Amino acid sequence: MAGHVLILGALGGVGQAVAEEFHHQGWQVSGLVRKGRAGELPDWVWPVEADLHDADAVAKAVSSEVDVVFDGLNAPYHRWAELAKPLYAAALAIAERLGALHLFPGNVYGFGEGMPDRLTPDLVAAPTSEKGRIRVEIERSFAEAARAGRVRTCILRAGDFFGPTITGQSWLSALIATKAGQGVIRSPGPEDVPHAWAYLPDLARAFVRLAERRDRLGGFEVFHFEGHTASIDDIAQAAGVAHRRPMRVRRVPGLAFTLIGLFDPVIRASREMAYLWRVPHRLVDRRLETVTGPLVATPLPQALASIQV
């Protein structure tokens, strides 16, 4: 069942990928942007120029009734503690004001360094980082709003994003595979540790399927997107297929991150999440496809070829 979706963060990498899939599936797509940036949207996206933190203004600016609000917002990594909760509270307020289903891309931060290797939606949160604690608080606020009957939220947790729309903001394209064209894959941790990844076009397809089947969803739902589970060695092998040449894996020394972090606030802020490269993990969910129908993952070599590293 198609409808009208409002994309928050429509100019971001995640928002772009999700907007494209909604468009391909016949939805009316609107995108919230700041004044003066409407021209940056594709011509098939209806621009909504309004203040994110003014839900009434957003409601007045949309062209027609909205069925789904997709939350593609993301605070700068080094300013999460300051900006994340107000940002996502604003998104929730917009969905509530519009009477729309709130779709939210989650991650694995809330499970902490002691997480098991198989992460299911019902696993109890046990964050060990500031970003993990913030994520848990945000998800709890969504659940509380749903219990109060204010707004429905559906969270789809996923691994590290990568894809053609997010090249500058992805660990894969910004660090790991930046030298793949030279036959080198860089590893921020042990090369053989399984790690959760989400190819954005595949993740976008799952979000659209959930939106199409929104009548089957309860007030608060949490699903896991399995995506690709791949170690750095697996990434190197797949990149070798994509580039038609063998790849060498080179470890990035921890000291290098420490030194770079002295000058780069984003790298400094990411250090508390370094355990994700040491602790094996994969996302598991038997229920998701009972709602969405079969979800076919893009083969990893093909997905890596699309990011043109």
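For the sequence shown, full-length UniProt numbering begins at 1 and goes up steadily by one.
The C-beta atom is built at its ideal place from N, Cα and C for all residues, glycine as well.
Just so you know, these numbers come straight off a predicted model, no measurement behind them.
- For PHE22, the uninterrupted alpha helix (DSSP H) segment begins and ends at 13 to 24.
- Here GLU40 is exposed, its C-beta having fewer than 16 other C-beta atoms within 10 Å.
- Counting along the chain, GLU82 sits inside no beta strand (DSSP E); it lies in the alpha helix (DSSP H) bounded by residues 80 to 98.
- Taken in chain order, the complete alpha helix (DSSP H) segments of 4 or more residues contained in the region 154 to 234 are 200 to 212.
- Within 10 angstroms of the beta-carbon of PRO105 lie 16 or more other beta-carbons, which makes it buried.
- By the C-beta density criterion, SER63 is exposed, having fewer than 16 other C-beta atoms within 10 angstroms.
- With a threshold of 16 other beta carbon atoms within 10 Å, LYS35 falls short and is exposed.
- In the DSSP assignment, the residues bridged to ILE7 are GLY31, PHE70.
- Under the three-state reduction of DSSP output, GLY106 falls in the strand class.
- Here DSSP, grouped into helix, strand and coil, assigns VAL151 to coil.
- Counting only the Cα atoms, GLN182 lies some 38 Å from ALA81.
- Only buried fits ALA303, as 16 or more other CB atoms lie within 10 angstroms of its CB.
- Contact between LEU200 and PHE161 holds, with the beta-carbon distance rounding to 6 Å and staying under 8 Å.
- Taking one beta carbon from each stretch, the region 245 to 252 and the region 187 to 206 have 3 or more pairs nearer than 8 Å; the two touch.
- Pairing GLY3 with THR165, the inter-Cα distance amounts to about 24 Å.
- Pairing PHE225 with LYS60, the inter-Cα distance amounts to about 34 Å.
- ALA305 is a Cβ neighbour of HIS243, given a cutoff of 9 Å.
- GLU113 carries a coil assignment under DSSP once its states are collapsed to helix, strand and coil.
- Distance check between VAL58 and each of LEU92, VAL296, THR298 places LEU92 closest, using alpha-carbon atoms only.
- Annotation for VAL249: the continuous beta strand (DSSP E) segment containing it runs 248 to 251.
- Shown here, LEU283 sits in a strand according to DSSP, grouped into three states.
- Excluding its 5 nearest sequence neighbours in each direction, TRP277 has C-beta neighbours in its own chain below 6 Å: PRO188, GLY189, listed in chain order.
- If you look at GLU49, you'll find it in the beta strand (DSSP E) that goes 45 to 49.
- CA-CA distance, TRP197 to TRP171, rounds to 10 Å.
- The criterion of a C-beta distance shorter than 9 Å is satisfied by PRO42 and HIS23.
- About 5 Å separates the beta carbons of ALA238 and PRO301, which is inside the 8 Å limit, making them a contact pair.
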